[in-house]
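Protein chains in written order, with the working numbering: chain X, 1 to 186; chain G, 1001 to 1186.
By construction, the Cβ of each residue, glycine as well, lies at the ideal position given by its N, Cα and C atoms.
Encoded as structure tokens, the structure appears first; notes follow it.
Pasting the structure below:
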């Protein structure tokens, strides 16, 4: 890929989200996105399988970060602490793009088709986290329960982080939510 | 609706799941389902919006049972106990149809399109449970955390219940999973 491509990719993502918020996902075509981003449709399809995938390009890196953090975490941590710490690693990846995260969340919340895909990605993330916990010797159902609870912590913290009352520190939101989920079962 | 219709409905659900497992969701048409169930396509569309919805007709009753159980639960229960108890009410609705539940789960697991819809229904269930907890005076983020953890308990217990090692008692699986999630955070 040429040096200009990361910019084109960023422009296509921004253009897509703007258009989904302005006129709706169903009413936006790939041609519209390409036009606004100043690229050809062919360029669009070199980067993204379809107009839905534009919003999900980061999810593999997110999953890799979570799995790597679980594998690397100290054995002294409990399964749930391990999962929560791994969600902090995911949060760190998003930290610098809060405005983008907020717009993306708004586009997803208003489009069932996008929300379904987001939920599938979160479910895949949870399964990968459970698998990573099992490779560390955590048995079932503990691995799955810890992984799913970790994803719950992630997404409740995400909603708080993009909210207006947040300090803007995503990792701190994760730590606060983790404390609250412990209080819930204490 | 005539008295014969509940049977036709059951036949269409069974026919749809059989066909999804035999030849795949994408390769099954509404005409195939109607033919196997011995009804017309018009009858199919009187009952279901599309071939995906056939598998999701029970989700409203499930959600109503969960919300009603939360509203009716004793105020002495903690938010998470309330959510877990409500999941027992949902489990009771499915208890007598384990074979159907198992086939439906297999069809859903093998079809991303169906899995996405299932995840959306679970997300809607969680939001409704959180709303019911808030009407009982539970604040945020506790209401959302308890509701999401309740749905995690439900679905981990569901997987155990349809597994071969289960005693077959879905409510008991819920109670066991609840105990395990408490141990996780203890």
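| query | result |
| --- | --- |
| Local conformation of residue 165 of chain X per DSSP, three classes | coil |
| Beta-carbon proximity list for residue 1029 of chain G, same chain, < 8 Å, skipping 5 on both sides | 1051 |
| Neighbour flag for residue 1145 of chain G against chain X, beta carbons, 8 Å | yes |
| Neighbour-count burial assignment, residue 1033 of chain G, 16 or more Cβ in a 10 Å radius | buried |
| Inter-stretch contact (C-beta, 8 Å, three-pair minimum) for the region 1123-1141 of chain G and the region 1169-1180 of chain G | no |
| Neighbour list for residue 1117 of chain G in chain X, Cβ cutoff strictly below 8 Å | 116 |
| At least three beta-carbon pairs within less than 8 Å, the region 1004-1020 of chain G to the region 1038-1048 of chain G | yes |
| Sub-8 Å separation of residue 1084 of chain G and residue 1153 of chain G beta-carbons | yes |
| Cβ shell of residue 101 of chain X (< 8 Å), same chain only, five flanking positions each side left out | 94, 158, 161 and 162 |
| Sub-8 Å separation of residue 1120 of chain G and residue 55 of chain X beta-carbons | no |
| Spatial distance of residue 1031 of chain G from residue 1023 of chain G (CA atoms) | 14 Å |
| Below-8 Å beta-carbon distance, residue 182 of chain X vs any chain G residue | yes |
| Distance CB(residue 80 of chain X)-CB(residue 1144 of chain G) smaller than 8 Å | no |
| is_contact[residue 1019 of chain G, chain X] using C-beta, thresh 8 Å | no |
| Which of helix, strand or coil DSSP assigns to residue 1065 of chain G | helix |
| Candidates X:74, X:26, X:98 and X:113: closest to residue 166 of chain X by CA position | X:98 |
| Span of the alpha helix (DSSP H), counted from its first residue to its last, around residue 1136 of chain G | Counting along the chain, residue 1136 of chain G falls outside any alpha helix (DSSP H), and DSSP gives it neither H nor E. |
| Partners in chain X for residue 1123 of chain G, counting only beta-carbon separations shorter than 8 Å | 115 and 119 |
| Which of helix, strand or coil DSSP assigns to residue 1150 of chain G | helix |
| C-beta neighbour in chain G for residue 74 of chain X, strict 8 Å | no |
| Interface flag, residue 53 of chain X vs chain G, CB-CB below 8 Å | no |
| Nearest neighbour of residue 1168 of chain G, chosen from G:1092, G:1049 and G:1059 [CA to CA] | G:1092 |
| Supposed contact pair residue 1113 of chain G and residue 1025 of chain G - C-beta distance, whole angstroms, cut 8 Å | 6 Å |
| Whole alpha helix (DSSP H) elements within the region 1008-1062 of chain G, 4-residue minimum | 1030-1037 and 1041-1047 |
| Unbroken alpha helix (DSSP H) run spanning residue 1096 of chain G, endpoints | Where residue 1096 of chain G is concerned, there is no enclosing alpha helix (DSSP H), given that its DSSP letter is neither H nor E. |
| Under 8 Å by beta carbon: chain X residues contacting residue 1156 of chain G | 141, 144, 145 and 148 |
| Rounded C-alpha distance that separates residue 17 of chain X from residue 149 of chain X | 29 Å |
| Close beta carbons around residue 89 of chain X, own chain, < 8 Å, minus the five adjacent residues each side | 65, 66, 68 and 69 |
| Burial state of residue 173 of chain X (16 or more Cβ within 10 Å) | buried |
| Host alpha helix (DSSP H) of residue 1177 of chain G (start-end) | 1170-1185 |
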